[in-house]
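Visitor: Residue numbers for the sequence shown follow my numbering, beginning at 1 and rising by one. Beta carbons are placed, not taken as given, at the ideal position from N, Cα and C, and that holds for glycine. Once you've had a glance at the structure underneath, I'll fire off some questions.
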Amino acid sequence: MWYRERSYWLLPLILLLIGVAVLFTENLLKVTEAPDENISRDWQLGETSANTKPFIHSDSNGYTICYFSDGFLIESRYDRAWTQQSENRFPIDHQEFSRVFNDGETMFYSKANSLHQGVEGELFTAVDKFYPTESHLLFLKDEQLIQINRETLETKEVLKLDKPFGEVMVKENDGEVYTLIHRAENNESKLEVYRLPEEGHMLKEAAYTFSVAPGESIREIAFDMKGDKLGIVLATHLRQGSSKYHYYLALHELKDSELALNRIHAEDPFGPGQLNEWSDLELSLTGKGINILFSAHGATQTTYKDDPAFNIYEMTINESQSGVTRISNTPERSQKPTRVEEETVLWMEGTGNYKEIKVASSEYDFDEKASGWSRDDLLKALGKTLAMFSYAPLTIFVTLMWYIGPFLYLFIIIVGFHKAIEDEKSWVLYGAFAIYIVSAGIWYDLLFTERLMNRLPVYLDFAGSSLVLLIVFGLISFLLMKQEAVKRDWGVVLKFTYFVTVHILLIAVFIGPYLL
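Written as structure tokens, this is what we have:
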């Protein structure tokens, strides 16, 4: 039969392909692993060409998600179970930082310095910045914060800003609209917090002056208000030698006169150390405590070398404890998280001209919607597998000391005891095996380093696994050699060469990908 004539390379090839399939399956499971316990796999809602968060409007019937993509405003409607009910595409000329408001009846969107109304894009007014919240429309123009009445489209000034003002943030919580103004003056930071009543101008609720540690600069601020409580979270950057990032939290009654900042950190739930380089902070005060959504650099097994990547995390703090949950798990950069509701988070993923819009939840089962393996999942797993196999050839060099001695021994036998080779004395072959085994024992640590042992998957990581693997691969190689040598009348040198080749290749395929 044809396969018997080719069995000397076909059988090893089958074993090697099994090793490749095992590694590919392992990587596929890693790249599709759920972010955390009780968190669903992510589900892609769409793709945006803008660099701003999608607008989210929720009501009793479900959710409306609006975002820009390739000259269109996409309006996708979902029911409460996140089943898509409709999708509309409106041709709208947008820009990278355009923002939109769309509650189903009223639509506004911004360009660089202008605000436009409706699908037709009629110019409404010039603006410096547009602040759409879930149910309110505000914009900044000439040091004035102005509100648009959604029903009458009339505008009114609700806050006059004093120069110089730095960052202006507007947030809606439980139907109430709040504004935070941050000014940096002479190594001090000043915060002013305002609330928008149903009628009239914004009312100042609190004002604070504070300083961060010398050398630190504030990178980002997020805030939230609930009742008479104010929460502030800061991300700072310290440039002294190497860059360092620090994070602070303050929770106060509005009547408090001073702002007390407490240093916080988040332990990586899937790796050693802490989460680094927080960004895109979003703070929420709830009846259960404090929730901080952010993007951070943390452990993941979705990258080809299991390097850290930027994912979305949620830090929960209450009176008794704190904890961190990973919301996304991807090799791509996850950014700009938005809380749709308490248990559901939406974010953007990617760094190029197009970013995927994804959602995950601890309440809704997106696993069913995201079930199976997408083309992107298969490509990620394939890329990770190929990258890991690029290290496999190093096994040949790492194990050089194992087989250089036996081949030197055979060379001496050929030169000095040629008749023993011709007579195929068994002691010649078994002598080579003995030297190979002793050499592998002496230079065992060259292959099985601490780094490799830490990277081995669970099914290869058990007590004595390194010794067991060497013996098992050795027995397989020996049995194949014995089988093929009988059929092909191989000599001593060819037998030993075949054994070493198969043994090293099995090690290279099953263990080599974890070398680096």
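Just reading off the alpha helix (DSSP H) that V428 is part of, what are its end residues?
Guide: Within the sequence shown, residue 428 is the residue found at index 428, counting from 1. V428 -> alpha helix (DSSP H) spans S426 to I442.
Visitor: For V472 and H503, what's the separation of their Cα atoms in angstroms?
Guide: Translated into positions along the sequence shown, residue 472 becomes position 472. Translated into positions along the sequence shown, residue 503 becomes position 503. Rounded to the nearest angstrom, the two C-alpha atoms are 10 Å apart.
Visitor: Do the stretch 332–346 and the stretch 273–286 meet, that is, are 3 or more Cβ pairs less than 8 Å apart?
Guide: Yes, they touch.
Visitor: If you draw a straight line from the alpha carbon of L17 to that of V324, how long is it in whole angstroms?
Guide: For the purposes of this step, residue 17 is taken as the residue at position 17 of the sequence shown. For the purposes of this step, residue 324 is taken as the residue at position 324 of the sequence shown. Taking the straight line from one Cα to the other gives about 40 Å.
Visitor: Measure the Cβ-Cβ separation of S40 and S361 and say whether it is below 9 Å.
Guide: In the sequence shown, the residue the question calls residue 40 occupies position 40. In the sequence shown, the residue the question calls residue 361 occupies position 361. Taking 9 Å as the Cβ cut-off, S40 and S361 qualify as a contacting pair.
Visitor: When the Cβ atoms of the stretch 50–67 are set against those of the stretch 12–28, are three or more pairs found closer than 8 Å?
Guide: Contact between the stretch 50–67 and the stretch 12–28 is absent, because fewer than three Cβ pairs lie under 8 Å.
Visitor: Do R77 and T64 have their C-beta atoms closer together than 9 Å?
Guide: Reading the sequence shown from its first residue, position 77 is the one you call residue 77. Reading the sequence shown from its first residue, position 64 is the one you call residue 64. Yes, these two residues count as a Cβ contact at 9 Å.
Visitor: Note down the Cα distance separating G271 from R326, rounded to an integer number of angstroms.
Guide: By 1-based counting over the sequence shown, the position of residue 271 is 271. By 1-based counting over the sequence shown, the position of residue 326 is 326. Computed Cα separation, rounded: 11 Å.
Visitor: Quick one: grab the DSSP three-state call for H418.
Guide: As a working mapping, residue 418 is identified with position 418 in the sequence shown. Here H418 sits in helix by DSSP.
Visitor: In three-state DSSP terms, what is R263?
Guide: As a working mapping, residue 263 is identified with position 263 in the sequence shown. Three-state DSSP puts R263 in a strand.
Visitor: Check each candidate in A440, L479, N329 and K384 and name the one with the smallest Cα separation from A34.
Guide: If you number the sequence shown from 1, residue 34 lands on position 34. With distances taken between Cα atoms, A34 lies closest to N329.
Visitor: In angstroms, rounded to a whole number, what distance separates the CA positions of L153 and A260?
Guide: Reading the sequence shown from its first residue, position 153 is the one you call residue 153. Reading the sequence shown from its first residue, position 260 is the one you call residue 260. Their Cα atoms are separated by approximately 41 Å.
Visitor: So what's S243 in DSSP terms, helix, strand or just coil?
Guide: Within the sequence shown, numbered from 1, the residue matching residue 243 stands at position 243. Strand, per DSSP.
Visitor: If you run the structure through DSSP and keep just helix, strand and coil, what is K204?
Guide: Position 204 of the sequence shown, counted from the start, is the residue given in the question as residue 204. The answer is strand: DSSP assigns K204 an E or B state.
Visitor: When the Cα atoms are used, what is the spatial distance from G405 to Y436?
Guide: Numbered from 1 along the sequence shown, position 405 holds the residue referred to as residue 405. Numbered from 1 along the sequence shown, position 436 holds the residue referred to as residue 436. Those two C-alpha atoms are separated by around 7 Å.
Visitor: Can you confirm whether the stretch 183–203 touches the stretch 163–170 when touching is taken to mean that 3 or more C-beta pairs between the two stretches lie within less than 8 Å?
Guide: Yes, the stretch 163–170 is in contact with the stretch 183–203.
Visitor: Quick one: Cα of H136 to Cα of I290, how far?
Guide: One-based indexing of the sequence shown puts residue 136 at position 136. One-based indexing of the sequence shown puts residue 290 at position 290. Taking the straight line joining both Cα atoms gives about 24 Å.
Visitor: Alpha carbon to alpha carbon, how far is F411 from V500? Give it in angstroms, no decimals.
Guide: Working through the sequence shown from its first residue, we reach residue 500 at position 500. Working through the sequence shown from its first residue, we reach residue 411 at position 411. Those two C-alpha atoms are separated by around 16 Å.
Visitor: Checking the sheet assignment: what are the DSSP bridge partners for Q84?
Guide: What you label residue 84 is simply residue 84 of the sequence shown in a count that begins at 1. In DSSP, Q84 forms a bridge with Y78.
Visitor: Determine the extent of the beta strand (DSSP E) in which H182 is found, giving its start and end residues.
Guide: Your numbering for residue 182 matches position 182 in the sequence shown. Segment E176 to E185, the beta strand (DSSP E) holding H182.
Visitor: Quick check: the Cα distance between T209 and E258, rounded to an integer number of angstroms?
Guide: Start at 1 with the first residue of the sequence shown, and residue 209 comes out as number 209. Start at 1 with the first residue of the sequence shown, and residue 258 comes out as number 258. For T209 and E258, the distance between alpha carbons rounds to 8 Å.
Visitor: Using C-beta distances below 7 Å, list every residue in its chain close to W402, excluding the 5 sequence neighbours before and after it, in chain order.
Guide: The count along the sequence shown starts at 1 and reaches residue 402 at position 402. Cβ within range, chain order: Y436, S439, A440 and W443.
Visitor: Considering only C-alpha positions, which residue in the set R219, L254, M225 and H252 is nearest to L238?
Guide: Position 238 of the sequence shown holds residue 238. Minimum Cα distance to L238 is reached at R219.
Visitor: Identify whether V345 lies in helix, strand or coil by the three-state DSSP scheme.
Guide: If you number the sequence shown from 1, residue 345 lands on position 345. Of the three classes helix, strand and coil, the one that applies to V345 here is strand, per DSSP.
Visitor: So E192 is in the beta strand (DSSP E); what residue range does that whole segment cover?
Guide: Here residue 192 refers to the residue found at position 192 of the sequence shown. Segment E188 to L196, the beta strand (DSSP E) holding E192.
Visitor: What residue range is occupied by the uninterrupted alpha helix (DSSP H) comprising A485?
Guide: The residue you call residue 485 lines up with position 485 of the sequence shown. Here the alpha helix (DSSP H) through A485 covers S465 to R488.
Visitor: Scan the stretch 78–143 and note each continuous beta strand (DSSP E) run of 3 residues or more that stays entirely inside, going in chain order.
Guide: Fully enclosed beta strand (DSSP E) runs of 3 or longer: 84–91, 100–102, 107–110, 114–117, 122–126, 129–132 and 137–141.
Visitor: Does the stretch 377–396 come close enough to the stretch 503–512 that 3 or more CB-CB pairs lie under 8 Å?
Guide: A contact exists between the stretch 503–512 and the stretch 377–396.
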